[in-house]
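Take the sequence shown: its letters are residues -20 to -1, 1 to 322, numbered as in mature numbering (1 follows the signal peptide of the UniProt record, and there is no 0). For glycine and all other residues, C-beta sits at the position ideal for the given N, C-alpha and C. Scroll down for the structure; my scribbles are underneath it.
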Amino acid sequence: MGLGLLSAVLLILGSSLIYSEYHSLLEKSRLGSSRAQTGGPVGAEAAPRKAGQQGEYCGTAPLVDVLKGSRIIGGTEAQAGAWPWIVSLQIQSGSIPAHICGGSLVKEQWVLTAAHCIKDSRNPFMWRAVIGTNKINVNYPYTKKIKINAIIVHPDFDLESYVNDIALFHLKKAVRYNDYIQPICLPFDVFQNLNQNTKCFITGWGRTKEEGNGTNTLQEAEVHYISRNICNSEKSYGGIIPNTSFCAGDEDGIFDTCRGDSGGPLMCYLQEHKRFFVMGITSYGHGCGRRGFPGVYSGPSFHQKWLTEHLSQRSAKSISNINILLGQVFIALGSVILLATT
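Written out as structure tokens, the structure is:
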């Protein structure tokens, strides 16, 4: 009786896995080529597509000119649609999903974030992504809440040193781009253009002061790149900054990221491309807003090969193929047990 029940469970589980993954692949084939018409910052001309960018329309906000709008710790509330690639990654905690980390939409079905964000749960079924909102406690018609299909952490991530602090969340469904949902450009081929004069911004739903609480409304602030000579000096981090990371913020600590902002992007606007690039991923810092201790950001450009492999079409399909294979295994096991009990 017990074996018969087990075989039934395995058959049902296997069938559901196969059905959901085939349905996901069919949905992907329908949505993969769709693009919403987008613009750029006010008065911006369309920039040519560059190698390493994931789409012609990445890094633009159709609704607002973010460079002229108001500008976390020391920040102000972000306008709706100002940062259409910002994602709230949440874990179901009781009846209310809790915001854990930020993330960046980099492709229709991929969110870039920090590896340390998943230290409490690596189970993708516990997570969801909320995309297309600046207020995580408000349900807007254009906001999407999507379950997570898989979590991919960099294989060489080290939680103690925060080396290779980078991860990808693969969404259950591809999103359709609209005025409030757009991808940000990856920094391959352009990271070398980042300097202290580059206009960069941080956003998040994290604490607005070191011992404070998180916020339901997205906060934004302007920061700038800080050289490794300054940031890794004895007066600052004293040589502990990983080679795959760098610093940005404000030397006086007026503007900074804090707890709850992890995984969110350091978004830098390159005038020559007229678009935003995710130059960094919020990783860690000594306290929040402390003088001489700016935020430390993991650099996606240091992981170009790893990211390119996983963001490719073949990689996305392989995730589905793995689940289909698991479903077939469950069905086979269920069939064997069923035969053994009859």
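8 Å CB neighbourhood of residue i in its chain, flanking five on each side removed
| i | result |
| --- | --- |
| residue 177 | 204 |
| residue 298 | With a pLDDT of 48 at residue 298, under the threshold of 50, the modelled position of that residue is not reliable, and the figure given next carries that caveat. Here the set comprises nothing. |
| residue 94 | 81, 145, 146, 147, 242, 243, 261, 262, 263 and 278 |
| residue 7 | Low per-residue confidence applies at residue 7: pLDDT is 30, beneath 50, and the placement is therefore not dependable, though the value from the model is reported in the following sentence. Taken in chain order, the residues that qualify are 153 and 154. |
| residue 215 | 272 |
| residue 219 | 212 |
Continuous alpha helix (DSSP H) stretch holding residue i: start and end
| i | result |
| --- | --- |
| residue 210 | 208 to 211 |
| residue 287 | 284 to 291 |
Beta-bridge partners of residue i, as assigned by DSSP
| i | result |
| --- | --- |
| residue 261 | 245 and 278 |
| residue 125 | 110 |
| residue 118 | Residue 118 is not bridged to any residue. |
| residue 183 | 200 |
| residue 83 | 67 |
| residue 60 | Answer is none; residue 60 lacks a bridge partner. |
| residue 270 | 273 |
| residue 226 | 277 |
| residue 133 | 147 |
| residue 91 | 85 and 149 |
| residue 325 | Outside the modelled stretch of the chain, which goes from -20 to 322, sits residue 325, for which no answer is possible. |
| residue 102 | DSSP, once it has assigned bridges, lists no residue as partnering residue 102. |
Within 7 Å, strictly: CB atoms of residue i and residue j
| i | j | result |
| --- | --- | --- |
| residue 76 | residue 283 | no |
| residue 127 | residue 108 | yes |
| residue 89 | residue 151 | yes |
| residue 105 | residue 131 | no |
| residue 161 | residue 111 | yes |
| residue 58 | residue 114 | yes |
| residue 170 | residue 225 | no |
Enclosing beta strand (DSSP E) for residue i [first to last residue]
| i | result |
| --- | --- |
| residue 70 | 66 to 73 |
| residue 178 | Looking at the DSSP string, residue 178 is not in any beta strand (DSSP E), and its letter there is neither H nor E. |
| residue 337 | Here the chain covers residues -20 to 322 and nothing more, so residue 337 does not appear. |
| residue 141 | Run containing residue 141: none; DSSP gives neither H nor E here. |
Whole-number beta carbon distance between residue j and residue i, since they are thought to touch under 8 Å
| i | j | result |
| --- | --- | --- |
| residue 164 | residue 44 | With a Cβ gap of about 15 Å, residue 164 and residue 44 do not count as contacting. |
| residue 167 | residue 280 | 6 Å |
| residue 60 | residue 70 | Contact flag wrong, Cβ pair sits at about 19 Å. |
| residue 200 | residue 62 | 7 Å |
| residue 291 | residue 86 | 7 Å |
| residue 246 | residue 182 | 6 Å |
Residues near residue i in its chain [Cβ-Cβ closer than 7 Å; skip 5 each side]
| i | result |
| --- | --- |
| residue 27 | Confidence in residue 27 is poor, its pLDDT being 36 and thus under 50, which makes the residue's placement unreliable; the coordinate value appears in the next sentence. The residues are 253, 254 and 255. |
| residue 174 | 205, 248 and 259 |
| residue 228 | 180, 203, 204, 205, 206, 246, 260, 274, 275 and 277 |
Sequence-distant residues of its chain with Cβ nearer than 6 Å to residue i (five each side left out)
| i | result |
| --- | --- |
| residue 25 | The predicted position of residue 25 is uncertain, since its pLDDT is 30 and thus under 50; a value taken from the coordinates is nonetheless stated next. None. |
| residue 117 | 196 |
| residue 84 | 65, 92, 164, 245 and 258 |
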